[in-house]
Every structure is written in structure tokens, then in C-alpha cells.
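Colleague:
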Amino acid sequence: MQRLVLAFALVACVATLVAGQAFVPQPAGRILEPPVPSLCAQRKIHEKFNGKGYYFSWKDASTANQQMDWLGIRNWCRQRCMDSISPETSVENEYIKKKLVDDKVKYIWTSGRLCDFKGCEERVDLKPLNVNGWFWTAELKKLAPTTDRTQNDWGYSGGINKPQPDNRELIQGGAPENCLAILNNFYNDGVHWHDVACHHKKPWVCEESEALVNYVRFTNPNIGV
Ligand SMILES: [Ca+2]
Ligand SMILES: [Ca+2]
């Protein structure tokens, strides 16, 4: 098991280098789970889109009534060689948004997160954090600046009638809104991205992770992942 964890750490490092990023951000206290080969082999895919498999928690009887926090969802997906969804293109973003509308799902988590971890504060390219500090954690890819409205899908309103990201919960004395959810007209503002405090529980969408699938194929060639 120790060897597996070490090997996984190495793969993660390689993936990080390939992605051109100098850090592997993750929240303090809880760990990012490695894939579980048997769960990867049995993973359920509801639909394929542009060659990648997607899992929708509300479409499956075993998870239809479940909701999890931001990291819990990443780990559930990662154990199955997937990760929380990263809608990095407008085509993929529209595909996911249509699912929420068609299936009347109020909101979901994505892998999007503000770089609020140890090491982020030294990165000048992330300053100011509320503009340049957002990234898709599953892909280790930065989002376009929050101010560039043509390259993102942040909502135009929210709980305090301010454009997103607004860090509303922190302003109102609660937790910082460091995670990226897609909200389906929750504030009568259409279907858009919102910064939301990461501890809230939501349904989820997993997206297959090429890196995790390849890793498990390499380390477990006989398991048929
Ligand atoms: Ca994606
Ligand atoms: Ca917000």
C-alpha cells in the first residue's frame, strides 16, 4: 500500500510538471484520495461527451439522494478514476448546464477552487487572488481572470445582488467562498458559476480522468480498467 501511495505521488508530480504548474494544491487536514483499482474497473458512466465519460450523481439510485462537500466529491470521483467536473470549454460548460436545466438540479460542485493553499501566496501570477487565483483543480489549469467576462461564466448576481465571485458568506460573517459551484437559477440569475463556501453539500458530476485511468492501467494491467 505504501508503495502504491508513493508511486501515485510520483505520477502526481509528473502530471504537475506536464501541466506546467509548480504546486499540487490541496486543502489542509484532509487528503486527496488516490484511485482504487477495483472501483475504477467498476465505474459507472452515464454518458460520453467528446470522448470522455461522465457520471451524474442524481441519475444513479445509489447516489441520487446523496450530497457531499467539495473535497468529498473530488475523492468519491477520484477513487473511481474520475474527478469532479472541470468545464474548461464553453462547449462542455453548456453541455453540463443543459443537464442541470433538463433534470431540474438546483446546483452542483465543480473542481474549480481559489488557490487558498500553502504555496499560493508566493505565486505572483495569481495576484490579485480574487481575479487570477481560480483554477480547475482536477486539470491543474488556471481559469481566465474573473474580470474577463468573455472567457468565463461567473454569475451576474447572487445573494447580495453582486456579480460573482462575491465572497458573500465571508462578508456576512461565515466561511470564505473558495469553491466553484454551478447554480441553476438559484438567485433568479440564470445558470452560472458562483463562488460558494466549500463545506456546503451538493450533488455532483464526475468526469473521467485520463491521468488516473492511465495510472491504474499501468500499475494494474490485468484489472481491465
Ligand atoms: Ca472537462
Ligand atoms: Ca458567491
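Numbering-wise, the sequence shown is residues -20 to -1, 1 to 205 according to mature numbering (1 follows the signal peptide of the UniProt record, and there is no 0).
Virtual Cβ for every residue (Gly too), placed ideally from N, Cα, C.
(1) Would you tell me roughly how many angstroms separate the C-alpha atoms of Tyr35 and Leu160, rounded to the nearest one?
(2) Got a sec: does ligand 1 put a non-hydrogen atom nearer than 7 angstroms to the Cβ of Ile25?
(3) So Glu72 is in the alpha helix (DSSP H); what residue range does that whole segment cover?
(4) Could you tell me if the beta carbon of Ser66 falls within a distance shorter than 7 angstroms of some heavy atom in ligand 1?
(5) Applying the 10 Å Cβ sphere with the 16-neighbour rule, what's the burial state of Asp105?
(6) Please report the straight-line C-alpha distance between Leu163 and Trp134, rounded to a whole angstrom.
(7) Just mark Lys181 as buried or exposed, buried being the case when its beta carbon has 16 or more other beta carbons within 10 Å.
(8) Should Phe198 go down as buried or exposed, given a rule of 16 or more other Cβ atoms within 10 Å for buried?
(9) Could you tell me whether the segment 13 to 24 touches the segment 165 to 181, where touching means 3 or more Cβ pairs closer than 8 angstroms?
(10) Using the C-alpha atoms, what's the distance from Arg148 back to Asn141?
(11) Could you check what DSSP says for Thr90 in three-state terms: helix, strand or coil?
(12) Taking all protein chains shown into account, decide if Ala41 is buried (16 or more other Cβ within 10 angstroms of its Cβ) or exposed.
(13) On the criterion of 16 or more Cβ atoms from any shown chain inside 10 Å, does Asp128 qualify as buried, or is it exposed?
(14) Using DSSP bridges, identify the partner residues of Ser64.
(15) Compute every distance between the C-beta of Asp72 and the non-hydrogen atoms of ligand 1, then say whether any falls below 7 angstroms.
(16) The alpha helix (DSSP H) spanning Asn164 covers which residue range?
(17) Is the beta carbon of residue 212 less than 8 angstroms from the beta carbon of Lys32?
(18) Quick one: Cα of Gln6 to Cα of Met48, how far?
(19) Relative to the C-alpha of Arg60, which residue among Pro14, Cys100 and Glu68 is closest?
(20) Should Glu157 be labelled buried (16 or more other beta-carbon atoms within 10 Å of its own) or exposed?
(21) Leaving aside the five residues before and after Ala155 along the sequence, list all residues of the same chain whose C-beta is less than 8 angstroms from its C-beta, in chain order.
(22) Go through the segment 94 to 140 residue by residue and report every complete run of the beta strand (DSSP E) that reaches 3 residues or more, in order.
(23) Buried or exposed: where does Tyr136 fall if 16 or more other Cβ atoms within 10 Å of its Cβ makes it buried?
Modeller: Answer, in terms of the structure:
(1) Taking the sequence shown and counting its residues from 1, the one referred to as residue 35 is at position 55. Taking the sequence shown and counting its residues from 1, the one referred to as residue 160 is at position 180. Distance between Tyr35 and Leu160, taken at the CA atoms: about 18 angstroms.
(2) For the purposes of this step, residue 25 is identified with residue 45 of the sequence shown, where counting begins at 1. For Ile25, the Cβ stays outside the 7 angstroms cut-off from all heavy atoms of ligand 1.
(3) As a first step, residue 72 must be located in the sequence shown, where it is residue number 92. For Glu72, the enclosing alpha helix (DSSP H) starts and ends at Ser70 to Asp82.
(4) For the purposes of this step, residue 66 is taken as the residue at position 86 of the sequence shown. Indeed, a heavy atom of ligand 1 lies less than 7 angstroms from the Cβ.
(5) Counting from one through the sequence shown, the residue named residue 105 turns up at place 125. Exposed: under 16 other Cβ atoms inside 10 Å.
(6) Residue 163 sits at position 183 when you count from the first residue of the sequence shown. Residue 134 sits at position 154 when you count from the first residue of the sequence shown. Straight through space, the alpha carbons of Trp134 and Leu163 are spaced by roughly 10 angstroms.
(7) Taking the sequence shown and counting its residues from 1, the one referred to as residue 181 is at position 201. Result: exposed.
(8) The sequence position of residue 198 within the sequence shown is 218, counting from 1. Exposed: under 16 other Cβ atoms inside 10 Å.
(9) No: the two stretches stay apart, fewer than three of their Cβ pairs being nearer than 8 angstroms.
(10) If you number the sequence shown from 1, residue 141 lands on position 161. If you number the sequence shown from 1, residue 148 lands on position 168. Annotation: Asn141 to Arg148 spans about 10 angstroms, alpha carbon to alpha carbon.
(11) For the purposes of this step, residue 90 is taken as residue 110 along the sequence shown, with counting starting at 1. Thr90: strand per DSSP, three-state reduction.
(12) Reading the sequence shown from its first residue, position 61 is the one you call residue 41. By the neighbour-count rule (16 or more Cβ atoms within 10 Å), Ala41 is not buried but exposed.
(13) Position 148 of the sequence shown, counted from the first residue, corresponds to residue 128. Around the beta carbon of Asp128, fewer than 16 other beta carbons lie within 10 angstroms, which makes this residue exposed.
(14) As a first step, residue 64 must be located in the sequence shown, where it is residue number 84. Cys186, per the DSSP bridge assignment.
(15) In the sequence shown, residue 72 corresponds to position 92, counting from 1. In the sequence on display, residue 72 carries Glu and not Asp. For Glu72, the CB falls within less than 7 angstroms of some heavy atom of ligand 1.
(16) Translated into the one-based positions of the sequence shown, residue 164 becomes position 184. That residue, Asn164, is in no alpha helix (DSSP H); its beta strand (DSSP E) goes Cys159 to Asn164.
(17) There is simply no residue 212 to check, as the chain begins at -20 and stops at 205 in what is shown.
(18) For this step, residue 6 is matched to residue 26 along the sequence shown. For this step, residue 48 is matched to residue 68 along the sequence shown. With a pLDDT of only 49 at Gln6, under the threshold of 50, the placement of this residue in the model should not be trusted, and no figure is reported.
(19) The residue labelled residue 60 in the question sits at position 80 within the sequence shown. Nearest C-alpha to Arg60: Pro14.
(20) Sequence index remark: in the sequence shown, residue 157 carries index 177 (1-based). Buried.
(21) Here residue 155 refers to the residue found at position 175 of the sequence shown. Here the set comprises Glu149, Ala177, Cys178 and His179.
(22) Runs of the beta strand (DSSP E) inside the segment 94 to 140: 114 to 116.
(23) To locate residue 136, count along the sequence shown from 1; it is residue 156. It counts as exposed.
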